[in-house]
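Notes to accompany the following structure.
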Amino acid sequence: MSLISFGLIFTGVMLNAAAQILMKAGTNSIGYFEFSSANILPIGWKLATEPHIVGALFCYALSVVIWILALSRVPVSIAFPLLSMAYIVNAIAAWYLLNETLNPAKMLGIGVIILGVIIISRA
Numbered sequence: 129m130s131l132i133s134f135g136l137i138f139t140g141v142m143l144n145a146a147a148q149i150l151m152k153a154g155t156n157s158i159g160y161f162e163f164s165s166a167n168i169l170p171i172g173w174k175l176a177t178e179p180h181i182v183g184a185l186f187c188y189a190l191s192v193v194i195w196i197l198a199l200s201r202v203p204v205s206i207a208f209p210l211l212s213m214a215y216i217v218n219a220i221a222a223w224y225l226l227n228e229t230l231n232p233a234k235m236l237g238i239g240v241i242i243l244g245v246i247i248i249s250r251a
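What follows is the structure, given as structure tokens:
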């Protein structure tokens with residue numbers, strides 16, 4: 129895999145991870161809500177206008193464009209498993225930015241993912 133191809137995949141992963149963190153920050157800002165017919169419009173409007181969620185949607189859209197570029201260069205059987213890097217980025221970002229826990233079991237899982245990414249990227 130070329131450096132450009134890996135860079136495209138990595139950029140897509142980072143955009144996807146950023147979207148997830150922004151989405152969580154947006155829902156934290158809005159708070160807990162129930163889905164019911166009475167609040168579809170009010171909650172829908174809050175979600176559609178919350179800046180973090182708008183940013184997340186932008187990141188998702190850009191990541192799709194980047195992903196299409198990556199798939200034009202790398203077989204999907206190699207590219208898709210590399211998306212698992214997002215688990216690593218999200219776990220660390222959630223711990224650092226959102227004060228979520230990063231316990232030994234999660235760290236072990238991250239280690240297994242890293243090993244898998246290394247094996248797949250060399251295939």
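What the sequence shown shows, in the numbering used here, is residues 129 to 251, in sequence order.
Note that CB positions come from ideal geometry on N, CA and C, so glycine has one too.
Note that the structure is predicted; figures quoted are calculated from it, not measured.
{"Query": "Taking the alpha-carbon positions, what's the Cys-187 to Met-151 distance?", "Result": "10 Å"}
{"Query": "Find the nearest neighbour of Leu-175 within the set Val-192, Val-217, Leu-190, Ala-153, judged by alpha-carbon distance.", "Result": "Ala-153"}
{"Query": "Given a cut-off of 9 Å, decide if Met-129 and Val-202 are closer than it, judged by their beta-carbon atoms.", "Result": "yes"}
{"Query": "Are Ala-198 and Ile-137 touching if we call contact CB-CB under 9 Å?", "Result": "yes"}
{"Query": "Less than 9 Å between the C-beta atoms of Val-245 and Ser-212, yes or no?", "Result": "yes"}
{"Query": "Can you give the Cα-Cα distance for Leu-236 and Ala-219, rounded to whole angstroms?", "Result": "12 Å"}
{"Query": "Hey, how far is the Cα of Ile-158 from the Cα of Ala-251?", "Result": "44 Å"}
{"Query": "Just curious, the alpha helix (DSSP H) that Tyr-224 is in, first and last residue?", "Result": "213-226"}
{"Query": "State the start and end residues of the unbroken alpha helix (DSSP H) segment that holds Met-129.", "Result": "Taken as a continuous stretch (DSSP letters only), Met-129 belongs to no alpha helix (DSSP H), as it is neither H nor E."}
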